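S.K.:
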Amino acid sequence: SSQVAGLSSAAVATLTQLIKRYELPTRLPEKIGTQAILDHLKHDKKFSDGKIRFVLLRALGDAFVSHEVTEEHLTEAIKGLRT
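Following our numbering, the numbering of the sequence shown begins with 3 at its first residue and continues without gaps.
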């Protein structure tokens, strides 16, 4: 959402804190390979015509469906979940 829809860093921080509050993971283990994730996404029910639909946020409470998420966006997001 931050890369494609312009979700603000403040909104990302708010969502991250909520996830942490419920003791859910916010980091991706190194043992889960980037290519394995990308390969699994191709089997998702939302994947068609070489693209996957994502629900993105422009702002908190402002969600929409997008086909604009690219493999490069996903790779960058996965990288961000490892740092």
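Note that the Cβ used here is the ideal one computed from N, Cα and C, for glycine as well. All of these numbers come straight from a predicted model, not from anything done at the bench.
1) Would you be able to state if there are at least three C-beta pairs under 8 Å between the region 14–23 and the region 67–76?
2) Suppose the cutoff is 7 Å on Cβ atoms and the five residues either side in sequence are ignored; what does the same chain contact list for V67 look like?
3) Go ahead and pull the three-state DSSP assignment for D46.
4) Looking at K3: is its Cβ nearer than 8 Å to the Cβ of L59?
5) Quick one: grab the DSSP three-state call for L17.
M.R.: Put simply:
1) no
2) Position 65 of the sequence shown, counted from the first residue, corresponds to residue 67. Within the same chain, V67 has close Cβ partners R55, V57.
3) Here residue 46 refers to the residue found at position 44 of the sequence shown. If DSSP states are grouped into helix, strand and coil, D46 belongs with coil.
4) For the purposes of this step, residue 3 is identified with residue 1 of the sequence shown, where counting begins at 1. For the purposes of this step, residue 59 is identified with residue 57 of the sequence shown, where counting begins at 1. Position check: residue 3 holds Ser in this sequence, whereas Lys was assumed. Taking 8 Å as the Cβ cut-off, S3 and L59 qualify as a contacting pair.
5) Indexing the sequence shown from 1 puts residue 17 at position 15. Helix.
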